Amino acid sequence: MGYWLFKSEPGCFSFQDLQSRPNATEHWDGVRNFQARNFLRDEIKPGDRVLFYHSSIPEPAVVGLCTVVREGYPDHTALDPNADHFDPKATPDKPIWYMVDVRADQALPAEVPLAVIREHPLLTGMPLVNRSRLSIQPITEEQYTTILQLGGLP
DNA sequence: GCCAACGTTGGC
DNA sequence: GCCAACGTTGGC
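With my numbering, the residue at position 130 of the first sequence is 131, and numbering never jumps.
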């Protein structure tokens, strides 16, 4: 099973937004970065665990837990001229961009702020610390379980 | 609002 | 294929 961290600006799409969706599921669309695309298309599988991270706010933090419910498939918003992340180079035959579907599991009892992650000896290898701009990040099982403990889960 | 990091674009 | 210019992200 894989472990991942997905970033989102809560003003755009928050963990609470995800929880409020039918069945708490949503398409994770709009990713327009090739490295993140490769993870979405090739590596992220149903059942993988995801940490939901809120970025670009005064105290950025991991706030909730999700599970992947559908593996990568073409992100049709790239084909829609009226969509925010329209890409004129994408076609139905060569969609370029991919998305997965995720389901919210639960909010962490306590948010885990970036400042805490930076200082924790087991977490300094997380991409958040060195590659903060990558929007879909692979993490280890140890990093995942450590964040859960910091967030108040057994 | 600033700035560092880094990804993308385009000229050659 | 290189590299400078430019745009975006995201922490502070």
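We put the beta carbon where it would ideally sit given N, CA and C, even for glycine. Please read these numbers as outputs of a predicted model, since none were measured by experiment.
Bridge-paired residues (DSSP) for residue i
i, result
"ASP102", "HIS28 and ARG71"
"LEU124", "Looking at the DSSP assignment, LEU124 forms no beta bridge with any residue, so it has no partner."
"ALA79", "Paired residues: none, contrary to the question."
"LEU66", "LEU52 and GLN107"
"SER9", "HIS55"
"VAL113", "VAL63"
"GLN138", "LEU6"
N- and C-terminal bounds of the beta strand (DSSP E) containing residue i
i, result
"ILE148", "No beta strand (DSSP E) holds ILE148; the alpha helix (DSSP H) holding it covers 142 to 151."
Whole-Å CB distance - residue i paired with residue j, under 8 angstroms assumed
i, j, result
"ALA79", "ILE97", "6 angstroms"
"VAL101", "VAL69", "5 angstroms"
"PHE7", "PHE35", "Actually they do not touch by this definition, with Cβ atoms about 17 angstroms apart."
The alpha helix (DSSP H) enclosing residue i, as first and last residue numbers
i, result
"ASN39", "35 to 39"
"LEU19", "16 to 21"
Given 8 angstroms, three or more beta-carbon pairs between the stretch 100 to 114 and the stretch 15 to 28: yes
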